[in-house]
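Step one of this worksheet: look at the structure below.
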Amino acid sequence: MNRPKLSKPPTDRLLSGISVLMAVVEGGSFIRAAEALGITQPAVSRSIARLESRVGVRLLDRTTRSLTLTAEGRRLYEETSPLLTGIADAVTFASGSSATVRGRLRVNMDPLFSSLLLAPHLGGFLDRYPEVSLELLTRPELGDLISEGFDLAVRFGEPPSSSLVARKLLKTHIVTVAAPSYLARHGRPEKLTDLAKHHCLQFRDPRTNQPYEWEFHRGRRIVPIKTSGRLMLSDPYTFLAACVAGAGIAQVLALSVQTELDRGDLIDIFPNWPDERFPLFALYPSRHLPPAKLRAFLDFVLELANPPSRPQK
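Numbering (the working numbering), first residue to last: 994 to 1306.
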């Protein structure tokens, strides 16, 4: 008895199309996806068209200037990405190449951390990993890592609730400082409540567009203080420069003003309230086995954020 032959579903073509979709989403464009996959841009376009035809819905909204996932496309990406990534991770691990640090790494970086701690050491990272190409973009807001094609973000502040992996790198002190010239003109506040009579520089929180609230921490005690000032800024460098120039009192990250404190250009007004901290996080898409290039950069940033303590003489 001859049994009818069952045709196999073209799973290889389906998996290939989903892999191309992943590359488009993570690269942020057809061009970057083509570069990452080693194929032409028209081949990427044809693969996406075949995938959309197969699943019966549009997956990407495309214009001349933007590329975004539709609701159906995002659901397909979020549900299949971990599966394909797991397969790729298993193959990579089995082949022994998981330790090879190579490829293009695109990082969304906090401007303050990038300038103060990262910039002087970037040459050392590239020397250590000659097969890595690094693209750093500094910006005040996190944005959407996946749709914008970022591998990693390094940001100050508590991370938003999302599917991203969040790894804490450090916690820096918050200090309340003023320039000697300001204190000579207006006097030094002796109590926290004295701040109500002073010019307090306000820094805009990019997530809320409102100024950060002032708090003072000592042990478990937390004291919120209402402050006011006629100058509000959103650029950290202008904010610090205005404070050093004597425009007012400011609450700042200790690591951003340590040089000015050591030189006496700024004075810590309330050193007996030393326990408020502000965290720095690394954020990246959830993956069971992150690429070697991402792990290498994470280790590098951790070295900068947590330098070994000098031995006491």
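C-beta atoms are modelled at their ideal positions from N, C-alpha and C, and glycine is treated no differently.
Three-way DSSP call (helix, strand, coil) for residue i in this model
{"i": "S1012", "result": "helix"}
{"i": "A1172", "result": "coil"}
{"i": "R1055", "result": "strand"}
{"i": "Y980", "result": "In the structure as shown, the chain begins at 994 and stops at 1306. Residue 980 is therefore absent and cannot be evaluated."}
{"i": "R1043", "result": "helix"}
{"i": "R1121", "result": "helix"}
{"i": "P1283", "result": "coil"}
{"i": "A1243", "result": "strand"}
Span of the alpha helix (DSSP H), counted from its first residue to its last, around residue i
{"i": "L1135", "result": "No alpha helix (DSSP H) holds L1135; DSSP gives it neither H nor E."}
{"i": "Q1203", "result": "Note, Q1203: premise wrong, no alpha helix (DSSP H); not H, not E."}
Distance, residue j Cα to residue i Cα
{"i": "D1027", "j": "R1097", "result": "It should be noted that the sequence gives Ala, not Asp, for residue 1027. Rounded to whole angstroms, A1027 to R1097 spans 13 Å at the Cα level."}
{"i": "D1261", "j": "L1060", "result": "48 Å"}
{"i": "D1268", "j": "K1219", "result": "19 Å"}
{"i": "H1192", "j": "G1241", "result": "5 Å"}
{"i": "H1210", "j": "V1245", "result": "14 Å"}
{"i": "R1214", "j": "L1062", "result": "46 Å"}
{"i": "G1117", "j": "L1185", "result": "44 Å"}
{"i": "S1091", "j": "V1125", "result": "With a pLDDT of 49 at S1091, under the threshold of 50, the modelled position of that residue is not reliable, and no figure is offered here."}
{"i": "L1119", "j": "L1127", "result": "8 Å"}
{"i": "V1158", "j": "T1093", "result": "22 Å"}
Nonlocal neighbours in the same chain, by C-beta distance under 8 Å from residue i, ignoring five residues either side
{"i": "V1037", "result": "V1013, A1016, V1017, F1023, A1026, A1027 and L1030"}
{"i": "L1226", "result": "L1194, Q1195, F1196, R1197, F1232 and A1235"}
Presumed contact (8 Å Cβ cut-off) between residue i and residue j, rounded CB distance
{"i": "S1009", "j": "S1040", "result": "7 Å"}
{"i": "F1271", "j": "T1201", "result": "The Cβ separation is near 16 Å, so there is no contact."}
{"i": "R1148", "j": "L1276", "result": "7 Å"}
Residue range of the unbroken beta strand (DSSP E) whose run includes residue i
{"i": "F1149", "result": "L1145 to F1149"}
Residues near residue i in its chain [Cβ-Cβ closer than 7 Å; skip 5 each side]
{"i": "L1007", "result": "R1047"}
{"i": "E1253", "result": "V1237 and L1259"}
Residues of its chain near residue i, where Cβ-Cβ distance is below 6 Å and the 5 sequence neighbours each way are ignored
{"i": "V1050", "result": "E1065"}
{"i": "T1131", "result": "M1102, P1104 and S1107"}
{"i": "E1141", "result": "G1021"}
heavy atom of the ligand ATP below 7 Å from residue i C-beta
{"i": "I1215", "result": "Annotation note on the ligand ATP: not contained in the displayed structure, which lists no ligands."}
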